[in-house]
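This report concerns only the one structure given below.
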Amino acid sequence: MQRILMVCLGNICRSPLAEGILRSKVDTENVFIDSAGTGDYHIGHLPDKRSIEVAKKYGIDITYQRARRISVADFENFDVIYAMDTNNFKEIVTLARNTTDAQKVKLILNESNPGKNRSVPDPYFDEKKGFEDVFKMLDKACEIIANKI
Ligand code: 4NP
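The structure is reproduced here in structure tokens:
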């Protein structure tokens with residue numbers, strides 16, 4: 041059983057989409073996927089309406105998700121931790137207890153753009169269009185992740 045955690049800041053916009061998209065591409069009997077945020081602003085909340093909407097447009101339901109904050113235990117519970125942006129990456133690495141933990145943290149867009157260290161832009165303060173762009177970026181990266189599993 042491979043265990044993958046998707047992480048952004050609020051766990052309401054980007055990482056819920058990454059979780060939903062990857063789930064739609066793998067056999068969830070063999071892969072456990074979850075998401076979390078580095079911040080605590082939205083704990084317990086549903087994903088952002090605009091994330092729910094764009095996911096639904098592509099046939100993916102993310103309304104079962106509730107935001108939570110990443111914790112040190114996640115280094116034990118997951119094999120790979122995908123950060124949506126470079127700030128998330130730094131925050132997560134700060135929580136790492138050792139190099140084994142730290143090596144689990146990757147930037148998700150390095151799957152689709154190896155070595156470029158690109159960030160999924162934070163769409164929270166954007167227009168709706170930002171969510172469509174985020175969906176497409178994550179869909180591409182998740183397709184590559186799914187094919188490697
Ligand atoms: P996310 O987007 O990190 O993709 O979930 C954000 C959601 C909320 C906030 C920032 C980013 N916020 O500042 O509340």
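So in the numbering used here, spot 93 of the sequence shown is number 133, and the numbers just go up one at a time. All C-beta atoms in this analysis are idealised placements derived from N, C-alpha and C, irrespective of residue type, glycine included.
For this session: Please list, in chain order, all residues of the same chain as residue 185 whose beta carbon is under 7 Å from its beta carbon, the five residues on each side excluded.
Result: Excluding sequence neighbours, residue 185 sits near 62, 151.
For this session: Please state if the CB of residue 113 and the CB of residue 83 are separated by a distance shorter than 9 Å.
Result: With respect to residue 113, residue 83 sits apart: the two C-beta atoms are not nearer than 9 Å.
Exercise. According to DSSP, what are the bridge partners of residue 77?
Worked result: 48, 109.
Problem set entry | Alpha carbon of residue 170 to alpha carbon of residue 163, nearest angstrom | So the alpha carbons of these two residues sit roughly 5 Å apart.
Exercise. Buried or exposed: where does residue 128 fall if 16 or more other Cβ atoms within 10 Å of its Cβ makes it buried?
Worked result: Buried, since its Cβ has 16 or more Cβ neighbours within 10 Å.
For this session: Taking only heavy atoms of ligand 1 into account, decide whether any of them is closer than 8 Å to the Cβ of residue 159.
Result: Flag unset: Cβ of residue 159 not near ligand 1.
Exercise. Which word fits residue 46, buried or exposed, when buried means at least 16 other C-beta atoms lie within 10 angstroms of its C-beta?
Worked result: When all chains shown are included, residue 46 counts as buried.
For this session: Use the C-beta contact count for residue 115: other C-beta atoms within 10 angstroms, 16 or more gives buried, fewer gives exposed.
Result: Label assigned to residue 115: buried.
Exercise. Taking the Cβ atom as the reference point for each residue, do residue 90 and residue 168 lie within a distance shorter than 9 Å?
Worked result: Against a cut-off of 9 Å, the Cβ pair of residue 168 and residue 90 comes out as a contact.
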